[in-house]
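To keep things clear, I will list the structure first and then write my remarks on it.
Chains as they are written, first to last, in my numbering: chain A, -4 to 249; chain B, 6 to 251.
So, in structure tokens, the structure goes:
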């Protein structure tokens, strides 16, 4: 029991810092250091959030659907391309530059094009999210697969393991932590890309909500939706951390 | 009876001849040491015996069968334990069975009875990182034994351990080998270790590496600490040092 105590206090540092920040912000607003219409107080933001909650939730669900669909496809695509590029050197040489190239395309630039091709529904958004999320997975996982210990691979070969067994016993488990590290990056990309793509054309979603409240200069609602977006990203990241701990029991320290 | 024979093996990488015309024999229930400096081609020879490299010339025979360049016949153990960090000790040890497609439950059942003998009781469900270096090497040896219970290649298996652990591992190893009657080819650069453990010693020297001397030790085993202080030990050691030009 005694050993847990410093652990709990250390966990309180970050929330305490955030609380301090909010208090300073509230203070600044209450002392009228910044005009109220430009910077709403945390209290006003909270009220805006509560009053618009049902609407926000509906938009959030839409955005989350896009983000998760795009992310899942991105993970699948990233996984397959990493495995194939690890297995076939020729494919690696041919396709790796191409993969890099996809990342030099600015999302904002091709979003309107995708909207023209695929309409205002989810499809163009999901495509953008896939483009943004598959890259970290491909690069991270490929790195992980390639960093497999050659001595361990040799040992398994000497024990008669075939290529598939070397992959499942050595390469893939060794790459898991790389995979989850990339997944955390992809998660935040997925939400951000979903919102940006909604700015550029859409009928529903948090990005659409943002453009609407922006047009009516509702700063408090702007802040409310910004906080909601980062809360969603955080939530998804926690989920990933939890899954990664569950799926890598050998990393658990006891 | 000859368990393992390496016959006139030569191997080069590019223009660099690593080992030349190396012939060694390992008989049943024998521990044979291959003694030589680091970088002298010991590991290359080792990879050839394990079937991971094809020699330029020569053959490797296991029980008289030609296994040259064919992996999957002899397992080995290195200085690094090479236990899979994400598998429990029992699954690591049972790796040979798992690779052969034996069901997990059955594989675990097969290895369970050997844990006490190898001094690994209670470690079945633990992960490698929870074990000490010495214990991990025991698990690595058991994994090797489970793959082939009559022969093992050991490449400096104890050289990463601290002196105290290493000494206790030597005694444990000698006692174990008496019990399980395995033949072992033991690669080392440690003269004392070679003298303590082996029935015969081959000296691998020069560039390219060749076998320059074979030394037969008659001292009964298991050998304890008193052997290391004996006249005989010093005699053998002086021969080796002389031969190595040290």
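Idealized CB from N, CA, C, for every residue including glycine.
81(B) is the residue among 19(B), 81(B), 221(B) and 251(B) whose C-alpha sits nearest the C-alpha of residue 146(B). Chain-ordered, the chain B residues with CB closer than 8 Å to the CB of residue 160(A) read 104.
With respect to the C-alpha of residue 192(A), the residue from 129(A), 65(A) and 39(A) having the closest C-alpha is 65(A). Residue 81(B) has 158(B) as its beta-bridge partners, per DSSP. Chain A has no Cβ within less than 8 Å of the Cβ of residue 211(B).
With distances taken between CA atoms, residue 6(B) lies nearest to 35(B) out of 22(B), 35(B) and 60(B). For residue 21(A), the three-state secondary structure derived from DSSP is helix. In this structure, 175(A) is the residue among 208(A), 219(A), 175(A) and 161(A) with its C-alpha nearest to the C-alpha of residue 234(A). Secondary structure of residue 34(A) (DSSP, three-state): coil. For residue 152(B), at least one C-beta of chain A is nearer than 8 Å to its own C-beta. Assignment of beta-bridge partners to residue 208(A) by DSSP yields no partner.
Interface flag for residue 87(A) against chain B is unset, since no Cβ pair is found closer than 8 Å. Contact annotation for residue 79(B) against chain A: 153 [CB-CB distance below 8 Å, chain order]. Judged by DSSP in its simplified three-state form, residue 55(B) adopts coil rather than helix or strand.
Between residue 133(A) and residue 196(A), the C-beta spacing is not below 8 Å. Bounds of the alpha helix (DSSP H) holding residue 87(A) are 84 to 97. Excluding its 5 nearest sequence neighbours in each direction, residue 93(B) has C-beta neighbours in its own chain below 8 Å: 129, 130, 131 and 132, listed in chain order. Using a Cβ distance threshold of 8 Å, residue 62(A) and residue 105(A) do not count as a contacting pair.
CA-to-CA, the gap between residue 213(B) and residue 43(B) works out to about 13 Å. 8 Å or more divides the Cβ of residue 17(A) from the Cβ of residue 49(A).
It is roughly 13 Å from the alpha-carbon of residue 37(B) to the alpha-carbon of residue 194(B).
Counting along the chain, residue 199(B) sits inside the alpha helix (DSSP H) bounded by residues 196 to 202.
Counting every other CB atom within 10 Å of its CB across the protein chains shown gives residue 14(A) a total below 16, marking it as exposed. Residue 205(B): member of the beta strand (DSSP E) spanning 205 to 210, first to last residue.
Between the beta-carbon of residue 75(B) and that of residue 56(B) there is about 5 Å, and that keeps the pair under the 8 Å contact cut.
Going by beta carbons, residue 143(B) and residue 179(B) fall outside the 8 Å limit.
Per DSSP, residue 64(B) is not a residue of any alpha helix (DSSP H); the beta strand (DSSP E) it occupies stretches across 62 to 67. DSSP assignment within the segment 18 to 53 of chain B yields the following whole beta strand (DSSP E) runs of 3 residues or more, N-terminal first: 21 to 32 and 36 to 40. Rounded to whole angstroms, the Cβ separation of residue 21(A) and residue 215(A) is 13 Å, and the two are not in contact under 8 Å. In the three-state reduction of the DSSP assignment, residue 218(B) falls in the strand class, which pools E and B.
Under the 10 Å beta carbon count, residue 224(A) is surrounded by 16 or more other beta carbons and is classified as buried. Taking C-beta separations shorter than 6 Å and ignoring five residues to either side along the sequence, the partners of residue 243(A) in its chain run 171, following chain order. Between residue 240(B) and residue 220(B), the C-beta gap is not smaller than 8 Å, which leaves the two residues out of contact. Residue 211(B) has its alpha-carbon roughly 14 Å from the corresponding atom of residue 245(B). With contact defined as three or more Cβ pairs closer than 8 Å, the segment 138 to 145 of chain A and the segment 46 to 60 of chain B are not in contact.
Nearest to residue 83(B) by C-alpha distance, out of 116(B), 138(B) and 224(B), is 138(B).
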